[in-house]
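Scroll down for the structure; my scribbles are underneath it.
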Amino acid sequence: MKKRLLTAAVLASLTLSTAVAFAAPTFSGDANIEYRNQDGSGDYLTNRIRLNVDADIDGTFYIHGRAKMNNDLRNTTNGGNVSFDQAYIGAKVGASDVRVGRQSLAIGKGLLMDDDNFIGAQVTTKAIEGLSLAGFYGKDNSSASVETTFVDMGTSFSGVNVGASYLKSGDKYYAVNADTKLTENVVLNVEYAKNTTDKADGFLAEVAVGQAAKKGDFAYKVSYRDIEANALPDFTTDGWYKNSKGFRVKGIYKVSDKATLTAYQDIAETQAGADHNRTNVEFSVNF
């Protein structure tokens, strides 16, 4: 009887370990349709589909990949552009996360970096209580494949979240940011960035009202920016911010728990005073 119990225990252990080692990957993704009309380049209609695959190798290592296809909906002869913009191996060690491979990067509020297709190693950690740290070394996604490094940190005190970032990618940049709740449902975000190589700078301040978290929710944001031509790298969250000053009004509506309608209008001009307006409408779904 004892031998049978021991045999059953061993078989159960082997079955569980095999199931963990060969756990099926999980799939997720998103898709959108986007209309944009902006000064100087007319309007266009596009859609994008992205598919993520994630799998745990064991208790420490994991893998992640993302395939992306972009379509021009007005060009029927274009079969679409398919690429892998994320493909990395990760490891979770204590309070740290290490990712090596092709990945997306974002620091601060996005003025310096919020972009895809970097190749290298990134480390994020919260090993020091109350302080988050991140660092990256690798290359950017340009044809020149420029060596890129950054250090990003954040903390909070008295209800205010603050952060600082340093980036070197050809030129050298730094940024500081902060956000705080003005009321329970209103948040103020600010970020200042400077290109220390070209001696150019800029800032963006935004008030966000409400949260679009579930079906029927509505939120809106109003921002003002004043950014010189060479203040930001090409990795900024929106290249339209460069060399411009003015307002953006954005509305976000949750059509369903998995579908979101977003629209914004820029009322801005270049630093030289030319019109720099943009209308953007996007419908997106997650799956």
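Using the numbering used here, you'd call the opening residue of the sequence shown number 1391 and step up by one each time. By construction, the Cβ of each residue, glycine as well, lies at the ideal position given by its N, Cα and C atoms. All figures in this text were calculated on a predicted structure; none of them were measured in a lab.
Does the distance from the C-beta atom of A1662 to that of S1634 stay below 8 Å?
Contact check for A1662 against S1634 fails: the beta carbons are separated by 8 Å or more.
Excluding the five sequence neighbours on either side, which residues of its own chain have a C-beta within less than 6 Å of the C-beta of T1660, listed in chain order?
N1633, S1634 and H1666.
By the three-class DSSP mapping on this structure, what secondary structure does G1484 have?
It is coil, neither helix nor strand.
To the nearest angstrom, how far is it from the Cα of G1491 to the Cα of F1508?
Looking at the two C-alpha atoms, the distance is approximately 8 Å.
Skipping 5 residues on each side, what residues in its chain have a beta carbon closer than 7 Å to that of K1516?
Residues A1485 and S1522 of the same chain have their beta carbon placed closer than 7 Å to that of K1516, with the five preceding and five following residues left out of the count.
Three-state class that DSSP yields for G1629 in the structure shown:
If DSSP states are grouped into helix, strand and coil, G1629 belongs with the helices.
4 or more residues per run - each alpha helix (DSSP H) lying fully within the segment 1563 to 1613
Within the segment 1563 to 1613, no complete alpha helix (DSSP H) run reaches 4 residues.
Pairing CB atoms from the segment 1619 to 1628 with CB atoms from the segment 1494 to 1514, are three or more of them under 8 Å?
A contact exists between the segment 1619 to 1628 and the segment 1494 to 1514.
Kindly identify the DSSP beta-bridge partner or partners of E1672.
According to DSSP, E1672 shares a beta bridge with E1424 and T1652.
Going by CA-CA distance only, name the one from G1455, V1675, G1500 and A1664 that's closest to G1390.
Here the chain has residues from 1391 to 1677 only, and residue 1390 is not among them.
Would you please state the rounded distance, in angstroms, between the beta carbons of Q1655 and V1675? I believe it to be under 8 Å.
In fact, because the Cβ distance is near 23 Å, the residues do not count as touching under 8 Å.
Using the C-alpha atoms, what's the distance from T1416 back to T1586?
The alpha-carbon atoms of T1586 and T1416 are separated by roughly 43 Å.
Tell me where the beta strand (DSSP E) around K1558 begins and ends.
Counting along the chain, the beta strand (DSSP E) containing K1558 begins and ends at V1550 to S1559.
Neighbour-count burial assignment, R1456, 16 or more Cβ in a 10 Å radius:
Classification of R1456: buried, given that the 10 Å Cβ count is 16 or more.
Under 8 Å by Cβ, that's how I've got N1567 and K1499 pegged, so tell me the actual separation to the nearest angstrom.
The beta-carbon separation of N1567 and K1499, rounded to 5 Å, stays under the 8 Å limit for a contact.
Can you look up G1663 in the DSSP assignment and give me helix, strand or coil?
Coil at G1663, not helix or strand.
Locate the beta strand (DSSP E) running through N1620, then write down its first and last residues.
In the DSSP assignment, N1620 falls outside any beta strand (DSSP E) and carries neither an H nor an E.
How would you call R1464, buried or exposed, if buried means at least 16 neighbouring beta carbons within 10 angstroms?
R1464 is exposed by the Cβ-count criterion.
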